[in-house]
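Undergrad: Got a structure here, written out as structure tokens. Questions coming.
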Amino acid sequence: MVVCNHKVLIVIELFERSVKPQMKLSFRWYGPGDPVSLEHIRQIPGMKGIVSAIYDVPVGDAWPLQNILRIKEMIEANGMDFDVIESVPVHEDIKLGRPTAKQYTENYKQSLTNLSKAGIKTVCYNFMPVFDWTRSTLTKKLPDGSLTLAYVHQDVEKMDPVKGELDLPGWATDYTPEEMKSLIDAYGALTEEDLWNNLGTFLKEIIPVAEAVGIRMAIHPDDPPWSIFGLPRIIRNKASLERVISLIDSPSNGLAICTGSLGVSPDNDMAEIVGHFASLDRLNFLHARNVKYDADKNFDEVAHPSANGSLDMYAVIKAAVAAGYNGPIRPDHGRMIWGETGKPGYGLYDRALGATYLVGLIEAAEKELGSR
Ligand SMILES: [Mn+2]
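For the sequence shown, the working numbering gives the first residue as 60, with consecutive numbering after it.
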């Protein structure tokens, strides 16, 4: 018997959606100045979305709607969606809990409102003091001749950022040595609990706005997930992710789980962590990348497949599929291969290989679990 009316169709549609959760394959693009073009990104099989940001507005200012729409138009003209931002940076004064935090937080809310008007659904951010991801070299030569980002803990310990001995791309701001010193000094007076309090204050302000405009926030873990240069770092394992989501009970208060960031710590079981938070509906963004680590806090970024590194990437993807995760996923950093030059970690070729590998893992997991 075939019954066809609106209610039945809606039920069928919901049923199909519930048994066919599809992650959305996405790719980070650094805007019109990126040497990797949208024309090339769209040729990667399965590519659906672009993850980007507004790079010509000072950190802390509200993002104007017209700047967001300009990027959106370029992306949509290339047949892809623009619904994920990485990142709207959080001004250091917010992390430090300075009096000016109030105004910067208001600006942040304005950015979220403007982003929602442009159709943005996910906003990634991090709460790392001063330094974003940190490595000791950007061009380590792997045995196959490819170049990669690597971290040697002792080398980083010996560096003095105030003396300009550390300069990595990907950071939101360039500081003068004086500014760097005063920032690091300011954090010197801040405990981990202070930083947690400041994160809580920030989230209490912005999550209700994000919720009202239909945006899911996604905090990125600290990379590497331990303290460097004596600065507090708090987003580094399952317990800290648990604590973030407990600060405010809302799907808008969620996580960007990055296997390459948390995964350099042998204590972090990435498949278990991904499955756990996806099943709680707090996994809002998934960064998939492999790393090869040793027991002394040293690691290389490697090609995406499990065989190349320390992480079981299939177990991670299978855990996400099993939990019904259908949010954005992107290959994270890639190596430099085939003579490509460009933004460290963000060339086209190795990230494209990573993307197609992820497409294969997703297909395999969905078939194994019966959802495709
Ligand atoms: Mn990441």
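Heads up, the beta-carbon is just placed ideally off N, CA and C, and yes, glycines get one too.
Only a predicted model underlies this, so the values are computations on that prediction, with no experimental measurement involved.
#1: Just mark S305 as buried or exposed, buried being the case when its beta carbon has 16 or more other beta carbons within 10 Å.
#2: Of the residues L417, H392 and E422, which one's Cα is nearest the Cα of Y405?
#3: Taking the alpha carbon of S96 as the point to measure from, which residue in G401, V350 and T196 has its own alpha carbon closest?
#4: Please identify the residue among F141, I287 and Q169 whose C-alpha is closest to the C-alpha of L124.
#5: Contact defined as beta carbons within less than 8 Å: I believe I130 pairs with N173. What is the distance between those atoms, to the nearest angstrom?
#6: Alpha carbons only, please: which of P403, F358 and G413 is nearest the one belonging to H346?
#7: Could you tell me the distance, in whole angstroms, from the CA atom of E98 to the CA atom of F86?
#8: For the beta strand (DSSP E) holding G349, just list the boundary residues, first then last.
#9: Go ahead and pull the three-state DSSP assignment for N312.
#10: Compute the distance between the beta-carbons of M139 and G108, then report whether it is under 8 Å.
#11: From what residue to what residue does the alpha helix (DSSP H) around S175 run?
#12: Taking Cβ positions, are P291 and T250 nearer each other than 8 Å?
#13: Please identify the residue among V375, E360 and E399 whose C-alpha is closest to the C-alpha of I388.
#14: Could you pull the start and end residues of the beta strand (DSSP E) that N185 belongs to?
#15: Spatial neighbours of T164 within its chain, please: CB distance less than 7 Å, with the 5 preceding and 5 following residues excluded, ordered by chain position.
#16: Out of L420, T207, A411 and L407, point me to the one whose CA is closest to A378's CA.
#17: Quick check on D214: does DSSP put it in helix, strand or coil?
#18: Among P325, T318, M106 and V323, which has the Cα closest to the Cα of V333?
#19: CB-CB under 6 Å to R341, same chain, minus the five flanking residues each way: which ones, in chain order?
#20: How big is the Cα-Cα spacing for D281 and Y184?
#21: For ligand 1, which residues count as neighbours when the test is a C-beta closer than 5 Å to any heavy atom?
#22: Going along the chain, which unbroken runs of the alpha helix (DSSP H) with 4 or more residues stay wholly within the stretch 214-298?
#23: According to DSSP, simplified to helix, strand and coil, what is V116?
#24: Once the 5 residues before and after A245 are set aside, which same chain residues still bring their CB inside 6 Å of it?
#25: Quick check on the DSSP output: the alpha helix (DSSP H) that includes F336 runs from which residue to which?
TA: Concretely, from the data shown:
#1: exposed
#2: H392
#3: G401
#4: Q169
#5: Contact flag wrong, Cβ pair sits at about 12 Å.
#6: G413
#7: 12 Å
#8: According to the sequence provided, residue 349 is Asn. The question's Gly does not apply to it. Per DSSP, N349 belongs to the beta strand (DSSP E) from N349 to Y352.
#9: strand
#10: yes
#11: A160 to K176
#12: yes
#13: V375
#14: T181 to N185
#15: I153, F261, E264 and I265
#16: L420
#17: helix
#18: T318
#19: I304, G313 and L314
#20: 11 Å
#21: C317, H346 and D391
#22: 236-247 and 251-271
#23: coil
#24: L155
#25: M329 to S338
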